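Accompanying notes for the structure given below.
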Amino acid sequence: MTWSDTVFLLPEIILTLGASALLFVPLIGERGAGRSAKWWTLVILGITAASVIVSSNAVVGMTQTATFAAMFALDSFAIFFKLLFLFAIAMVVLMSEDFLRESRYSPWEYYSLLAFALCGMMFMVSGVHLISIYVGLELMSLSSYILAGYYKNEQKSTEAAMKYFILGAVSSAILLYGISLIYGVCGSLNLADIDRAMSTMITNDALMVGIMLLGAGLCFKIAAVPFHVWTPDVYEGAPTPITAFLSTASKAAAFSIFARIFYSGLHHFQLDWSSVLATVSALSMIVGNLAAITQNNLKRMLAYSSIAHAGYALLGIISLNAMGIRGVLLYTLVYVLANLGIWAVILMLRRHEYAGEQVDDFDGLYRRAPFWAFAMVVFLLSLGGIPPTAGFIGKYFLFAAAVQSGFGWLAIIAVLMSAVSMFYYLRIVVAMYLKEGAAAEVSASGSLRFVAAVCLAATLFLGVLPRPLIDQVTYSSRRLLVRALQADGGR
Amino acid sequence: MPSTEAYLMLSATLFAIGLVGVVVRRNMITVLMCVELMLNAVNINLVAFSHRLASLEGQIFAIFVIAIAAGEAAVGLAIIIQLYRAKSSINVDEARTLNG
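Protein sequences, first through last, are from chains A and B. The first sequence begins at 99 in my numbering and counts up by one. The second sequence begins at 11 in my numbering and counts up by one.
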């Protein structure tokens, strides 16, 4: 390791300095209401994004991609997700403005915590060593616990933070116990070394328990059944912009690390873990979609829907093939786009405390804001996987991957459950277009319009012209796949 | 020097006590202590394996876990204080505004 290796870490270094600076601004006598906080945060995110590009170009020529005692890799997979996280966090920052003005809490700490959470995600997705993955994961989680309770005077928010914290801490402990067993059996914490050690190993109990505990901890982070109980409560209680953050950026980060660990570390034992994960995936799709039908609170409905989406994304990890890993990347992207758009539209309605959260609040939206009603329809169709929206492409890859690797039954469940999900997505559409009512007023600020418009444009564009994205995803998943395919004899 | 297996048994016992405690106990502080117990069970595991494998990685990881557990306790206690201000109680069962 030399000084020149710091170029690998450049984005994280800049982001950490920026996030700390945001935290110190109020101390040096910032007297305004913090209106400039949003712009400073966006500037920091912009510089970080630029430095991701710069450092990725600098790394291209190097022979090895992992550095710092083989703990930190800047491969194309990590770069794809880093840019995705940066985009999602920038959108969340834009969405948070109205919430922060109304709640009168300091915006500096809020943005600083978001930036630290982002730093954790970026660190985690670059981690090729279980220590760096764990540290990144915890940085993200600790920031999320605080953000979920940011509505300090609202009991619901504090309660959400408490539930999230307890279950999050327990799941981290379970994940760690799994890691410690894997370390004991494989003799290393480095994913590449674990991979090597496992290639000469036969199934043994300690290893299986370790993998299962590690998987259980990760399933909690992506909110898959049976580790999903926290999701509806936390999504409902947290401030809406934070719910948007938890259901997009935070979830995308968990998917990325799930894929990284299972594709590049544990693929030798695919036969052993894939059947367990297939059950988890099937349960997530069934429980998530069926429970969402009965919800009248939109935040809870979207929470159950996100549980179901965790089940779909697991298809790509279970199948462990080229189609599957591309599916995970594609699906994460289109899911983040559609969800950010939906939260932006919900926030437009959110004026009086918790308005905009009941399905009724959408009654007659078509009459009051025809364009945003249309945008909402597109986002919902994308989540449901209906062409020509981007969601279709993502689902196509995941379902095809499952069929290719012999999980046809799982693909059938996934298709059936997608049909069920359209039922509750269309409930919102019916409320918007066919019902009368003016329960919640629409007042869209410029930034909310911007977020919704960007997500709408991207969802439609990627749905109609997916080729550039598919090429990009193929490139980004290449390195992760090399190992998995070598072991599988190129299936 | 006891064998590695003995340490693993100790660690598994501590982990189980912690997990049961989280589920059974209603006081938030006790729950937090049980989580710490689980994390320390992991540390015992890591250090025992590290000794047996003669590799330092496990001990380094244990130090990281200790540091992060401290951060986790800080966040957890802050949330508990906030909960106490809102409800004048730190009983987990009192927190049922959200019907989960």
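No residue lacks a Cβ here, since even glycine has one placed at the ideal position from N, Cα and C. This structure is a prediction, so every number in the text was calculated from the model and none was measured.
So residue i and residue j are in contact, right, with Cβ under 8 angstroms, and what is the actual spacing, rounded?
| i | j | result |
| --- | --- | --- |
| Ala-321 of chain A | Ala-390 of chain A | Not confirmed; about 13 angstroms, so no contact. |
| Glu-236 of chain A | Ile-78 of chain B | 5 angstroms |
| Leu-375 of chain A | Gly-414 of chain A | Contact flag wrong, Cβ pair sits at about 11 angstroms. |
| Leu-120 of chain A | Ala-186 of chain A | Actually they are not in contact, since the Cβ atoms of Leu-120 of chain A and Ala-186 of chain A sit about 18 angstroms apart, beyond 8 angstroms. |
| Asp-459 of chain A | Gly-363 of chain A | Rounded, the Cβ-Cβ distance is 45 angstroms, inconsistent with contact. |
| Thr-165 of chain A | Phe-106 of chain A | 5 angstroms |
| Gly-489 of chain A | Val-432 of chain A | 5 angstroms |
| Leu-463 of chain A | Met-530 of chain A | 4 angstroms |
| Ser-194 of chain A | Pro-330 of chain A | Incorrect: roughly 22 angstroms between the Cβ atoms, too far for contact. |
| Ala-473 of chain A | Val-443 of chain A | 6 angstroms |
| Met-446 of chain A | Leu-558 of chain A | Rounded, the Cβ-Cβ distance is 19 angstroms, inconsistent with contact. |
Helix, strand or coil: how does DSSP classify residue i here?
| i | result |
| --- | --- |
| Asn-419 of chain A | coil |
| Ala-173 of chain B | Since the first residue of chain B shown is 11 and the last is 110, residue 173 of chain B is not available in this structure. |
| Thr-487 of chain A | coil |
| Ala-171 of chain A | strand |
| Ala-186 of chain A | helix |
| Gly-225 of chain A | strand |
| Asp-586 of chain A | Note on Asp-586 of chain A: pLDDT 47, under 50, position unreliable in the model; the coordinate value appears next. Helix at Asp-586 of chain A. |
| Thr-139 of chain A | helix |
| Asn-37 of chain B | strand |
| Asn-437 of chain A | helix |
| Ala-164 of chain A | strand |
| Asn-251 of chain A | coil |
| Asn-288 of chain A | strand |
| Asn-302 of chain A | coil |
| Ala-16 of chain B | helix |
| Asn-394 of chain A | coil |
Between which residues of its own chain and residue i is the CB-CB distance below 7 angstroms, once the five residues before and five after are set aside?
| i | result |
| --- | --- |
| Val-552 of chain A | none |
| Val-527 of chain A | Val-475, Leu-478 |
| Met-48 of chain B | Phe-25, Gly-28, Leu-29 |
| Ile-100 of chain B | Asn-37, Met-38, Ile-39, Ile-90, Leu-93, Tyr-94 |
| Ala-171 of chain A | Thr-163, Ala-164, Ser-224, Val-226 |
| Gly-588 of chain A | Residue placement at Gly-588 of chain A is poorly supported in this model, since its pLDDT is 38, which falls under 50; the coordinates are not used for a value here. |
| Met-421 of chain A | Phe-495, Ala-498, Ala-499, Gln-502 |
Identify the contact partners of residue i in chain A, using a Cβ-Cβ distance below 7 angstroms as the criterion.
| i | result |
| --- | --- |
| Val-34 of chain B | None at all; the shortest Cβ gap to chain A is about 13 angstroms. |
| Val-52 of chain B | Ala-271, Leu-274, Tyr-275, Ser-278 |
| Asn-101 of chain B | The premise fails here: Asn-101 of chain B is roughly 11 angstroms from chain A at the closest Cβ pair, so nothing lies under 7 angstroms. |
| Val-30 of chain B | Those do not exist, as Val-30 of chain B stays about 11 angstroms from chain A at its closest Cβ, beyond 7 angstroms. |
| Leu-56 of chain B | Ser-278, Tyr-281 |
| Leu-24 of chain B | Neighbours of Leu-24 of chain B on chain A: none; closest Cβ ~10 angstroms, over 7 angstroms. |
Apart from the five residues just before and just after residue i, which ones in its own chain have a Cβ nearer than 6 angstroms to its Cβ?
| i | result |
| --- | --- |
| Thr-256 of chain A | Gly-247 |
| Val-571 of chain A | Arg-424, Leu-427, Leu-428 |
| Ser-21 of chain B | Ala-51, Ile-54, Asn-55 |
| Asp-586 of chain A | The pLDDT assigned to Asp-586 of chain A is 47, lower than 50, so where the model puts this residue is not dependable; a value taken from the coordinates is nonetheless given after this. So no residue of the chain qualifies. |
| Val-385 of chain A | Val-323 |
| Ser-269 of chain A | Gly-315, Phe-318 |
| Ala-347 of chain A | Phe-183, Ala-186, Ile-187 |
| Phe-42 of chain A | Any answer about residue 42 of chain A is impossible in this case: the structure gives chain A only from 99 up to 589. |
| Trp-371 of chain A | Ile-309 |
| Gly-335 of chain A | Lys-254, Ser-255, Glu-257, Ala-258 |
Below 8 angstroms CB to CB, which residues in the same chain sit around residue i once its five sequence neighbours on both sides are set aside?
| i | result |
| --- | --- |
| Met-520 of chain A | Gly-482, Ile-484 |
| Val-327 of chain A | Leu-265 |
| Phe-367 of chain A | Met-296, Thr-301, Leu-305, Met-306, Ile-309 |
Interface residues of chain A around residue i at Cβ under 9 angstroms?
| i | result |
| --- | --- |
| Ile-78 of chain B | Tyr-232, Val-233, Glu-236, Leu-237, Leu-240, Ser-270 |
| Ile-27 of chain B | Those do not exist, as Ile-27 of chain B stays about 12 angstroms from chain A at its closest Cβ, beyond 9 angstroms. |
| Leu-20 of chain B | By Cβ distance, chain A contributes nothing, its closest Cβ being about 13 angstroms from Leu-20 of chain B, past 9 angstroms. |
| Asn-37 of chain B | None at all; the shortest Cβ gap to chain A is about 12 angstroms. |
For residue i, return the contacting residues in chain A, with the cut-off set at a CB-CB distance below 8 angstroms.
| i | result |
| --- | --- |
| Gly-81 of chain B | Glu-236, Leu-240 |
| Ile-70 of chain B | Ile-229 |
| Met-43 of chain B | Those do not exist, as Met-43 of chain B stays about 11 angstroms from chain A at its closest Cβ, beyond 8 angstroms. |
Show which residues of chain B have a CB atom less than 7 angstroms away from the CB atom of residue i.
| i | result |
| --- | --- |
| Lys-645 of chain A | With chain A covering only 99 through 589, there is no way to say anything about residue 645 of chain A. |
| Ala-259 of chain A | Ile-89 |
| Lys-319 of chain A | What Lys-319 of chain A touches in chain B: nothing, since even the nearest Cβ is about 15 angstroms away. |
In chain B, which residues lie with their C-beta within 9 angstroms of the C-beta of residue i?
| i | result |
| --- | --- |
| Ser-286 of chain A | Leu-63, Ser-65, Glu-67 |
| Phe-122 of chain A | Ordered by position in chain B, no residue passes the 9 angstroms Cβ test against Phe-122 of chain A, which lies about 19 angstroms from the chain. |
| Gln-456 of chain A | Ordered by position in chain B, no residue passes the 9 angstroms Cβ test against Gln-456 of chain A, which lies about 15 angstroms from the chain. |
| Ile-244 of chain A | Val-85, Ala-88, Ile-89 |
Who are the neighbours of residue i on chain D, taking C-beta pairs under 9 angstroms?
| i | result |
| --- | --- |
| Ala-16 of chain B | Reference to chain D is not applicable here, since the protein chains of this structure are A and B. |
Mind listing the chain B neighbours of residue i? Cutoff is C-beta to C-beta under 8 angstroms, in chain order.
| i | result |
| --- | --- |
| Gly-247 of chain A | Ile-89, Gln-92 |
| Tyr-464 of chain A | Chain B residues near Tyr-464 of chain A: none, gap ~31 angstroms exceeds 8 angstroms. |
| Thr-165 of chain A | Residues of chain B passing the Cβ test: none, with the nearest at roughly 17 angstroms. |
| Ile-405 of chain A | Simply none; closest approach about 13 angstroms. |
Please specify which runs of the alpha helix (DSSP H), each continuous and at least 4 residues long, are wholly inside the stretch 455 to 537 of chain A, giving them in chain order.
-> 463 to 466, 468 to 482, 488 to 502, 506 to 532
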